[in-house]
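First residue of the sequence shown? That's 16 in this note's numbering, and the numbers climb one at a time after it.
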Amino acid sequence: MEKLFGEVNNLNMFIHPKFNEKFKFMNEKQSIELAKKVLSEFIKTKIKNIVVIESGTSPLIAIIKKLKEYENTSINIYQIKIPRNLSFNLYEWFKTYLEKQELEETITYNEKQVTRKEILKILCKKVNLEKNAGKEKFTIYDSIKNEKQYSDNQEIKEILEGTKLYEIFNSQFLLFDEYINAGTIIRNFNIICTLFTNKPNFKISAYCMFLDSPENYKKIAFTLYNNNTELQAYKSGAYPFENRIDLMGYYYFITEKHFEKIYLEDLEREVKALDTNTDITKFYNSLNNLIIKNELLKKLKDNLQEKQVDKYVTNNDIIRFIFKYIDEKIYGKNKYSDFLDQVFELYAPAWSPMPISFHIDYWNGFEKINQEVHKIALEIEQEYKQNRFVIIELALKELNSHREKWKEKINRKMEENNENNRYINGIK
16 MEKLFGEVNN LNMFIHPKFN EKFKFMNEKQ SIELAKKVLS EFIKTKIKNI VVIESGTSPL
76 IAIIKKLKEY ENTSINIYQI KIPRNLSFNL YEWFKTYLEK QELEETITYN EKQVTRKEIL
136 KILCKKVNLE KNAGKEKFTI YDSIKNEKQY SDNQEIKEIL EGTKLYEIFN SQFLLFDEYI
196 NAGTIIRNFN IICTLFTNKP NFKISAYCMF LDSPENYKKI AFTLYNNNTE LQAYKSGAYP
256 FENRIDLMGY YYFITEKHFE KIYLEDLERE VKALDTNTDI TKFYNSLNNL IIKNELLKKL
316 KDNLQEKQVD KYVTNNDIIR FIFKYIDEKI YGKNKYSDFL DQVFELYAPA WSPMPISFHI
376 DYWNGFEKIN QEVHKIALEI EQEYKQNRFV IIELALKELN SHREKWKEKI NRKMEENNEN
436 NRYINGIK
């Protein structure tokens, strides 16, 4: 049971079919060096405002902000989540990123005095981001060129004028993300930009862009790696923060009704008050026995196409899937079931640098045993209700522990680097 929410190890057991090699994630020393490298590139652009797309960039940005080199810059970093699915609650998005006093500020609208949040609630219902996106196929190259004309949102622009976000989007800024692959997030960012300005003035940057000849695109400020240098990126240590909810320390609960940034530490305190203080060992063992009795692991493996994914999965993957499945089945889509879904994803085969087919095969395998999972869910429904918050608290406690250990390692390594620099500079 200790491995149910244990350390994440979802890369170095796989062999990349294209490169025929195994890879490891960057260690703490390499992560700090990456942070220095990215900061150096930020400085070279001479752009003051940097908009960073969340969430896998967050641990990297946390390191950057600890660097001595960062203290000596005039760079302003703003972290913003751009959902992949555009059917999210736009008003709640604004509520997350506008300052409280900006929302409460009284403005004139149609010759009436109203608060900004009152009119935003109305106007956001009129905005259809999905319709703006359209159904045309696009590539990473299309997103970078951004030649498509989206619907005008002049009314909402006027309401946002005077906010910090409005100022950022109407100034020159640099956009940064970890991986830019299909271009979906960049396309969505382009659409959201139209809520603030007709002519956004920004350049794009990333850890890795999966395209050829980035130097040919004026819109690109820098990318550390691209299609031609992909192997080099992995050999020197793969980007270690993608999908790492435990190292980020938070996640976003996003639906058509919600857009909420949820910190794991806050959620742990919340569920601790709801915890029944029961020992879940008996429940865990009972569930594990049901999985064995119903040969669920064999059935899962039979539905996997990738041999390496077949070797990777265990009963614990199935248990994590059952937890998120049964929570949503009983209580509907909610922040707890979404957290359990995030946990399920955390232990899935790494998105990068492995082929996406590995992760998708993992998804598809569970989709094909849904009926079997449903039968078990019916059998354990009452027990799950009794143990729900104990399970969630245990997961949160373990994931928060991962982050604390990671932060300690980063801080220790940074202190060592500072000591070494003092010796080199003759201070000691």
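Here a beta-carbon is modelled for each residue, glycine too, at the ideal position from N, C-alpha and C.
Small disclaimer: the values here were computed from a predicted structure and weren't measured.
* Nonlocal neighbours in the same chain, by C-beta distance under 7 angstroms from Arg444, ignoring five residues either side -> Within the shown structure, residues of the chain are numbered from 16 to 443, placing residue 444 beyond reach of any answer.
* To do: Would you check if the stretch 96-112 and the stretch 199-216 touch, i.e. whether three or more CB-CB distances between them fall below 8 angstroms?
  => Judged by Cβ distances under 8 angstroms, the stretch 199-216 makes contact with the stretch 96-112, as three or more pairs qualify.
* **Beta-carbon spacing of Lys59, Leu239 below 8 angstroms** => Here residue 59 refers to the residue found at position 44 of the sequence shown. Here residue 239 refers to the residue found at position 224 of the sequence shown. Cβ distance not < 8 angstroms, so Lys59 and Leu239 don't count as in contact.
* Which residues in the same chain as Gly21 place their Cβ atom closer than 8 angstroms to its Cβ, once the five residues preceding and following it in sequence are excluded? -> Position 6 of the sequence shown, counted from the start, is the residue given in the question as residue 21. Correct list, in chain order: Glu413.
* DSSP beta-bridge partners for Gln164? -> Mapped onto the sequence shown, residue 164 falls at position 149. Gln164 is not bridged by DSSP to any residue.
* To do: Return the CA-CA distance between Glu170 and Lys316, expressed in angstroms with no decimal places.
  => Translated into the one-based positions of the sequence shown, residue 170 becomes position 155. Translated into the one-based positions of the sequence shown, residue 316 becomes position 301. Glu170 and Lys316: Cα-Cα distance of roughly 54 angstroms.
* From Leu26, Phe188, Cys139, pick the residue whose C-alpha is nearest to that of Lys63; which is it? -> What you label residue 63 is simply residue 48 of the sequence shown in a count that begins at 1. Taking each of Leu26, Phe188, Cys139 in turn and checking the Cα distance to Lys63, the smallest one comes out for Phe188.
* To do: Report the partner residues of Ile195 according to the DSSP bridge assignment.
  => As a first step, residue 195 is located in the sequence shown; it is residue number 180 there, counting from the start. Answer by DSSP bridge pairing, in chain order: Met224.
* Asked: What distance in whole Å lies between the Cβ atoms of Leu319 and Gly380, which are believed to be in contact at a cut-off of 8 angstroms?
  -> For the purposes of this step, residue 380 is taken as the residue at position 365 of the sequence shown. For the purposes of this step, residue 319 is taken as the residue at position 304 of the sequence shown. The C-beta distance from Gly380 to Leu319 rounds to 4 angstroms, short enough to fall under 8 angstroms.
* **Check: Tyr112 C-beta below 7 angstroms from any heavy atom of the ligand NAD** => As for the ligand NAD, it is missing from this structure, which has no ligand bound.
* Is the stretch 357-376 in contact with the stretch 288-302, if contact means three or more CB pairs nearer than 8 angstroms? -> The stretch 357-376 makes no contact with the stretch 288-302: fewer than 3 CB pairs, one atom from each, lie closer than 8 angstroms.
* To do: Check the DSSP bridge columns for Ile371 and list the partner residues they point to.
  => Against the sequence shown, residue 371 aligns to sequence position 356. Looking at the DSSP output, Ile371 bridges to nothing.
* Could you check the C-alpha separation between Ser73 and Gln164 for me, to the nearest Å? => Stepping through the sequence shown from its first residue, residue 73 is reached at position 58. Stepping through the sequence shown from its first residue, residue 164 is reached at position 149. A direct Cα-to-Cα measurement between Ser73 and Gln164 gives close to 31 angstroms.
* To do: Determine, using beta-carbon pairs with one atom in the stretch 405-423 and one in the stretch 276-294, whether at least three such pairs fall under 8 angstroms.
  => For the pair of segments examined, the stretch 405-423 was found to touch the stretch 276-294: the number of CB pairs separated by less than 8 angstroms reaches three.
* **Met429 versus Ile47 - alpha carbon distance** => As a first step, residue 429 is located in the sequence shown; it is residue number 414 there, counting from the start. As a first step, residue 47 is located in the sequence shown; it is residue number 32 there, counting from the start. A straight line joining the alpha-carbon of Met429 with that of Ile47 spans about 8 angstroms.
* Asked: Which residue comes first and which comes last in the alpha helix (DSSP H) that contains Leu239?
  -> As a first step, residue 239 is located in the sequence shown; it is residue number 224 there, counting from the start. Where Leu239 is concerned, there is no enclosing alpha helix (DSSP H), although the beta strand (DSSP E) around it starts and stops at 235-240.
* Look up His187 in the DSSP assignment and give the residues it is bridged to. => Against the sequence shown, residue 187 aligns to sequence position 172. Note that residue 187 is Gln in the sequence shown, not His. As a beta-bridge residue in DSSP terms, Gln187 pairs with Asn216.
* For Phe8, which residues of its own chain have a beta-carbon under 6 angstroms away from its beta-carbon, when the five flanking residues on both sides are left out? -> Since the first residue of the chain shown is 16 and the last is 443, residue 8 is not available in this structure.
* What are the boundary residues of the alpha helix (DSSP H) that Glu145 is part of? -> Walking along the sequence shown from the start, residue 145 turns up at place 130. Membership of Glu145 in the alpha helix (DSSP H) is indicated by the continuous run 144-148.
* Out of Leu190, Glu107, Tyr106, point me to the one whose CA is closest to Phe57's CA. => The residue labelled residue 57 in the question sits at position 42 within the sequence shown. When each option's Cα is compared against that of Phe57, the closest is Leu190.
* To do: Determine the contact status of Lys218 and Ile235, defining contact as a CB-CB distance below 8 angstroms.
  => By one-based count along the sequence shown, residue 218 stands at place 203. By one-based count along the sequence shown, residue 235 stands at place 220. Yes, the Cβ-Cβ distance between Lys218 and Ile235 is below 8 angstroms.
* Asked: Which class does Ser207 belong to by DSSP, given the choice of helix, strand or coil?
  -> To locate residue 207, count along the sequence shown from 1; it is residue 192. First, the residue type needs correcting, since residue 207 is Ile and not Ser in the sequence shown. Helix at Ile207.
* Can you tell me whether Lys146 is buried or exposed, with buried defined as 16 or more other CB within 10 angstroms of its CB? -> For the purposes of this step, residue 146 is taken as the residue at position 131 of the sequence shown. A residue is called buried once 16 or more other Cβ atoms fall within 10 Å of its Cβ, and Lys146, having fewer, is exposed.
* In this structure, does DSSP put Ile439 in helix, strand or coil? -> In the sequence shown, counting from the first residue as 1, residue 439 sits at position 424. The predicted model places Ile439 with a pLDDT of 49, which falls under 50 and marks its position as unreliable; any figure quoted below should be read in that light. Helix at Ile439.
* Cut-off 7 angstroms between Cβ atoms - residues of its own chain near Lys18, not counting five sequence neighbours on either side -> Counting from 1 along the sequence shown, the entry for residue 18 is found at position 3. Excluding positions up to five away in sequence, the list reads Asn331.
* Short check: CB of Leu82 to CB of Leu105, under 8 angstroms? -> Indexing the sequence shown from 1 puts residue 82 at position 67. Indexing the sequence shown from 1 puts residue 105 at position 90. For Leu82 and Leu105, no; Cβs fall outside 8 angstroms.
* Note the first and the last residue of the continuous alpha helix (DSSP H) segment covering Phe268. => Here the question's residue 268 lines up with position 253 in the sequence shown. It is not in any alpha helix (DSSP H) - Phe268 instead sits in the beta strand (DSSP E) that spans 265-269.
* For Lys420, which of Leu26, Glu43, Phe38, Glu310 has the nearest alpha-carbon? -> Sequence index remark: in the sequence shown, residue 420 carries index 405 (1-based). Closest option to Lys420, Cα to Cα, is Glu43.
* To do: From the DSSP output, read off the bridge partner residues of Val67.
  => On the sequence shown, position 52 is the one that residue 67 refers to. Bridge partners of Val67 according to DSSP: Gln94, Phe191.
* Whole-angstrom distance between His31 and Phe38, CA atom to CA atom -> For the purposes of this step, residue 38 is identified with residue 23 of the sequence shown, where counting begins at 1. For the purposes of this step, residue 31 is identified with residue 16 of the sequence shown, where counting begins at 1. Straight-line Cα distance between these residues: approximately 8 angstroms.
* To do: Determine, using beta carbons only, whether Asn185 and Thr209 come nearer to each other than 8 angstroms.
  => On the sequence shown, residue 185 is found 170 positions in, with the first residue counted as 1. On the sequence shown, residue 209 is found 194 positions in, with the first residue counted as 1. In this structure, Thr209 does not lie closer than 8 angstroms to Asn185 by Cβ.
* To do: Count the other C-beta atoms from every protein chain shown that fall within 10 angstroms of the C-beta of Gly198, then say buried if there are 16 or more, exposed otherwise.
  => Walking along the sequence shown from the start, residue 198 turns up at place 183. Under this definition Gly198 is a buried residue.
* Under 8 angstroms between the Cβ atoms of Ile384 and Phe338? -> What you label residue 384 is simply residue 369 of the sequence shown in a count that begins at 1. What you label residue 338 is simply residue 323 of the sequence shown in a count that begins at 1. Result no, Cβ atoms of Ile384 and Phe338 do not sit closer than 8 angstroms.
* To do: Please check the pair Ile334 and Leu312, which I expect to be a contact at CB under 8 angstroms, by giving their CB distance rounded to whole angstroms.
  => Here residue 334 is taken as the residue at index 319 of the sequence shown, counted from 1. Here residue 312 is taken as the residue at index 297 of the sequence shown, counted from 1. In this structure Ile334 does not touch Leu312 by the C-beta definition: roughly 11 angstroms separates them, more than the 8 angstroms allowed.
* Considering only C-alpha positions, which residue in the set Lys233, Phe237, Asn241 is nearest to Leu226? -> Position 211 of the sequence shown, counted from the start, is the residue given in the question as residue 226. Nearest of Lys233, Phe237, Asn241 to Leu226, Cα basis: Asn241.
* By Cβ distance, which residues of its chain are closer than 7 angstroms to Asn433, with the 5 residues on each side in sequence left out? -> Looking up residue 433 in the sequence shown gives position 418. Answer for Asn433: no residue qualifies.
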